[in-house]
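J.:
4 protein chains.
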Amino acid sequence: DRDPASQGLGMTLDEIRPGYARMSMRVRADMLNGHRTCHGGFIFALADSAFAFACNSHNHNTVGAGCTIDYLAPGRHDDLLTAEAVERALAGKTGIYDVDVVNQDGRLVATFRGKSHRVGGTVV
Amino acid sequence: DRDPASQGLGMTLDEIRPGYARMSMRVRADMLNGHRTCHGGFIFALADSAFAFACNSHNHNTVGAGCTIDYLAPGRHDDLLTAEAVERALAGKTGIYDVDVVNQDGRLVATFRGKSHRVGGTVV
Amino acid sequence: DRDPASQGLGMTLDEIRPGYARMSMRVRADMLNGHRTCHGGFIFALADSAFAFACNSHNHNTVGAGCTIDYLAPGRHDDLLTAEAVERALAGKTGIYDVDVVNQDGRLVATFRGKSHRVGGTVV
Amino acid sequence: DRDPASQGLGMTLDEIRPGYARMSMRVRADMLNGHRTCHGGFIFALADSAFAFACNSHNHNTVGAGCTIDYLAPGRHDDLLTAEAVERALAGKTGIYDVDVVNQDGRLVATFRGKSHRVGGTVV
Chain A
1161 DRDPASQGLG MTLDEIRPGY ARMSMRVRAD MLNGHRTCHG GFIFALADSA
1211 FAFACNSHNH NTVGAGCTID YLAPGRHDDL LTAEAVERAL AGKTGIYDVD
1261 VVNQDGRLVA TFRGKSHRVG GTVV
Chain B
1161 DRDPASQGLG MTLDEIRPGY ARMSMRVRAD MLNGHRTCHG GFIFALADSA
1211 FAFACNSHNH NTVGAGCTID YLAPGRHDDL LTAEAVERAL AGKTGIYDVD
1261 VVNQDGRLVA TFRGKSHRVG GTVV
Chain C
1161 DRDPASQGLG MTLDEIRPGY ARMSMRVRAD MLNGHRTCHG GFIFALADSA
1211 FAFACNSHNH NTVGAGCTID YLAPGRHDDL LTAEAVERAL AGKTGIYDVD
1261 VVNQDGRLVA TFRGKSHRVG GTVV
Chain D
1161 DRDPASQGLG MTLDEIRPGY ARMSMRVRAD MLNGHRTCHG GFIFALADSA
1211 FAFACNSHNH NTVGAGCTID YLAPGRHDDL LTAEAVERAL AGKTGIYDVD
1261 VVNQDGRLVA TFRGKSHRVG GTVV
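Protein chains in written order, with the working numbering: chain A, 1161 to 1284; chain B, 1161 to 1284; chain C, 1161 to 1284; chain D, 1161 to 1284.
1) Below 8 Å, can you find three or more Cβ-Cβ pairs linking the segment 1235 to 1246 of chain B to the segment 1223 to 1234 of chain A?
2) Please list the partners that Y1231 (chain B) has in chain A, where partner means a Cβ-to-Cβ separation under 7 Å.
3) In chain order, what residues of the same chain have a beta carbon less than 8 Å from the beta carbon of H1199 (chain A), not counting five sequence neighbours either side?
4) Is the CB of D1208 (chain A) under 8 Å away from at least one CB in chain B?
5) Looking at the C-beta of H1195 (chain D), does it have a partner C-beta in chain C at a distance below 8 Å?
6) Quick one: Cα of A1249 (chain C) to Cα of N1219 (chain D), how far?
7) Suppose the cutoff is 6 Å on Cβ atoms and the five residues either side in sequence are ignored; what does the same chain contact list for A1245 (chain A) look like?
8) Note the first and the last residue of the continuous beta strand (DSSP E) segment covering A1189 (chain A).
9) Rounded to a whole number of angstroms, what is the C-alpha to C-alpha distance between K1275 (chain A) and S1184 (chain C)?
10) Between the Cα of F1204 (chain A) and the Cα atoms of A:G1281, A:T1242 and A:G1252, which residue gives the shortest distance?
11) With a 10 Å radius around its C-beta and 16 neighbouring C-beta atoms as the bar for buried, classify T1172 (chain A) as buried or exposed.
12) Could you work out which residue in D:R1273, D:G1226, D:L1240 and D:A1225 is closest to R1267 (chain D) when comparing CA atoms only?
13) Could you please give me the residues that DSSP links to I1203 (chain D) through a beta bridge?
14) For D1161 (chain C), count neighbouring Cβ atoms within 10 angstroms of its own Cβ and tell me buried if that reaches 16, exposed if not.
15) Using three-state DSSP, classify S1217 (chain A) as helix, strand or coil.
16) Of all the CB atoms in chain D, is at least one closer than 8 Å to the CB of F1213 (chain C)?
17) With C-beta atoms as the reference, is V1269 (chain D) less than 8 Å away from V1279 (chain D)?
18) With a CB to CB cut of under 7 Å and the five nearest residues on each side skipped, what residues in its chain are close to T1197 (chain D)?
19) Give me, in chain order, the residues of the same chain whose beta-carbon lies closer than 8 Å to that of R1186 (chain C); leave out the 5 immediate sequence neighbours on both sides.
20) Is any beta-carbon of chain D found at less than 8 Å from that of T1235 (chain C)?
21) Can you pull the chain A residues whose beta carbon is under 7 Å from the beta carbon of A1243 (chain B), in chain order?
22) Give the residues of chain D in contact with I1256 (chain B), contact being defined as C-beta atoms less than 9 Å apart.
23) DSSP has A1225 (chain B) in a bridge; who is on the other side?
24) Between the alpha carbons of L1206 (chain A) and G1168 (chain A), how many angstroms are there, rounded?
25) Note down the Cα distance separating S1217 (chain B) from G1179 (chain B), rounded to an integer number of angstroms.
26) Less than 8 Å between C-beta atoms, sequence neighbours within five positions excluded: which residues of the same chain meet that for T1222 (chain C)?
27) For a quick check, are the C-beta atoms of D1230 (chain C) and G1252 (chain D) less than 8 Å apart?
28) Run down chain E in chain order and give the residues with a C-beta less than 8 Å from the C-beta of A1251 (chain B).
29) Distance, Cα to Cα, R1177 (chain D) vs D1174 (chain B)?
30) Who are the near neighbours of R1273 (chain B) in its chain, counting only those whose CB is closer than 6 Å to its CB and skipping five residues on each side?
31) In the structure shown, what three-state DSSP assignment does D1285 (chain C) receive?
32) Can you give me the C-alpha to C-alpha distance between G1224 (chain B) and D1208 (chain A), rounded to a whole angstrom?
33) At which residues does the beta strand (DSSP E) containing T1242 (chain C) begin and terminate?
34) So, is G1281 (chain B) buried or exposed, given that buried needs 16 or more other C-beta atoms within 10 angstroms?
35) Could you compute how far the alpha carbon of Q1264 (chain C) sits from the alpha carbon of T1271 (chain D)?
Printed below as a string of structure tokens:
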């Protein structure tokens, strides 16, 4: 597959069902920035991937229309980050998904909100 | 450097000055999704990188506090995407930056708004 | 008090505790727009007021730093809208609150995310 | 008209053309909060009204799908706030508008981004 998640970030898809996906990723040394915390881009990539799986979980093709992320606590080296994407609303062709990224202690590292737009066709 | 931009996406930094950065990236075949358009994650990475350069252009260390992106038009294979990050406001330790991503025809592909938070220290 | 909620919109504060507030408002004829649905500004005012109560529930003075709202379903004449504000994170002086606005059938009418910034002093 | 702007806030529509609207409002004593600055809800109402005029300036009925506001500097008593709404993109039925709210010195008080959705019918 061609999404950024596949570029060797070590993400795993832990659970998927209609309107829901959960993924995880361990923070590696090569993901740290100059402050020795996980670069926001990798946290975003994890959340965005969980969002993509959740919004395609209904077997309709969707595209991301936009998203927002807020970084709340740092990710540290070797932290296991889990992103849980939950569908909040489906209205017409638009879906809203909330994705929380927590570390192994359950601390909220980032919160992401994605909007999807359904296009023609099915996923499989 | 360790940011996602350095992971072989072929981004170039075309201009930087205080409160401003401009970067570009060509859409490659391996950046396309199943709809044959550029995966949003790569457009995000370009905008996010331009934002990071702009908000560190004052030689104070900053971190991204959060951001929003809206995808407005598809990026196609071989498109040259340019992200221009402009500082909109600095209030206390917080900065707001707008980043527009356009293609070679000047069409707006995505618009991104990032918030930075100044932390201690200088960049160089 | 001087906030917009007090301008005769008929809002009630139904519950408040640290990090939480719930308010309700009935959609009146004079709140309808030309589509015969509740004008978004009133839905926003309800959510924003619940946010303000929740983020001041710790007895520290806070100010709203910004917010986002997405309108998901229309409010109709005589609907009883309830806004429930829940604190999602407190990091340093910044707080994040999610406010869902539902109608009497539990349908999600709007979802709001507010950010607060703690300033000096206490509420009472 | 029935929008919150008409509730006696003293807003004036200073200019309107396709994709653009500019409104102004003077900060009155009854708009101040306990910090003696303009309550965010009034700044929002001004921005939201300018957005509504701009997105209906094409004579197609539209509804607000959502919006974001960031408060950057306080509004003071007697300040003259001006909200300028500019269309950034129209893609399909969706429009994106940026609204900057400045005071009489040109200082950026808030920045607002609204999304519209075109529905059937015309405005007049």
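In this text, a Cβ means the ideal position worked out from N, Cα and C, and glycines have one as well.
T.: Quick answer:
1) The segment 1235 to 1246 of chain B, when compared against the segment 1223 to 1234 of chain A, does not touch it at the 8 Å Cβ threshold.
2) By Cβ distance, chain A contributes G1224, A1225 and G1226.
3) Within the same chain, and ignoring the five residues on either side of H1199 (chain A) in sequence, the residues whose Cβ sits closer than 8 Å to its Cβ are M1191, L1192 and N1193.
4) Put simply, the CB of D1208 (chain A) is near chain B, with a gap under 8 Å to one of its CB atoms.
5) The beta-carbon of H1195 (chain D) is placed less than 8 Å from the nearest beta-carbon of chain C.
6) About 42 Å.
7) These residues qualify, in order along the chain: A1181, A1210, F1211, A1214, Y1257 and V1259.
8) It is not in any beta strand (DSSP E) - A1189 (chain A) carries neither H nor E in the DSSP assignment.
9) Within the model, the alpha-carbon separation for K1275 (chain A) versus S1184 (chain C) is close to 27 Å.
10) Comparing alpha carbon positions, the residue from A:G1281, A:T1242 and A:G1252 closest to F1204 (chain A) is A:T1242.
11) Residue environment for T1172 (chain A): exposed (fewer than 16 other C-beta atoms within 10 angstroms of its C-beta).
12) Checked all of D:R1273, D:G1226, D:L1240 and D:A1225; the closest Cα to R1267 (chain D) is D:L1240.
13) I1203 (chain D) has no beta-bridge partner at all, per DSSP.
14) Note that D1161 (chain C) scores a pLDDT of 42, beneath 50, so its modelled location is shaky and nothing firm can be said.
15) It is coil, neither helix nor strand.
16) Using beta-carbon distances, F1213 (chain C) does not count as an interface residue toward chain D, since no partner is under 8 Å.
17) Not closer than 8 Å, so no.
18) The beta carbon of T1197 (chain D) sits closer than 7 Å to those of P1234, G1235 and R1236, all from its chain and outside the five residues before and after it, given in chain order.
19) Here the set comprises G1170, D1238, D1239, L1240 and L1241.
20) Strictly speaking, residue 1235 (chain C) in this sequence is Gly, with Thr absent from that position. It does not: the Cβ of G1235 (chain C) has no partner Cβ on chain D nearer than 8 Å.
21) One finds nothing in chain A with a Cβ atom closer than 7 Å to the Cβ of A1243 (chain B); even the nearest lies about 14 Å away.
22) Within chain D, the residues near I1256 (chain B) are D1230, L1232, L1268 and T1271.
23) Per DSSP, none; premise fails for A1225 (chain B).
24) Using only the alpha carbons, I get a separation of about 12 Å.
25) Rounded to whole angstroms, S1217 (chain B) to G1179 (chain B) spans 6 Å at the Cα level.
26) Only C1215, N1216, G1255, S1276, H1277, R1278 and V1279 meet the Cβ criterion.
27) D1230 (chain C) is not a Cβ neighbour of G1252 (chain D), given a cutoff of 8 Å.
28) Of the chains in the structure shown, none is chain E; the protein chains are A, B, C and D.
29) Spanning the two alpha carbons is a distance of roughly 36 Å.
30) Cβ within range, chain order: T1228 and D1258.
31) Residue 1285 (chain C) cannot be examined here, being either before or after the span of chain C that is shown, 1161 to 1284.
32) In this structure, the alpha-carbon of G1224 (chain B) lies about 17 Å from that of D1208 (chain A).
33) Annotation for T1242 (chain C): the continuous beta strand (DSSP E) segment containing it runs L1240 to A1251.
34) With fewer than 16 Cβ atoms within 10 Å of its Cβ, G1281 (chain B) is classed as exposed.
35) So the two alpha carbons sit approximately 33 Å from each other.
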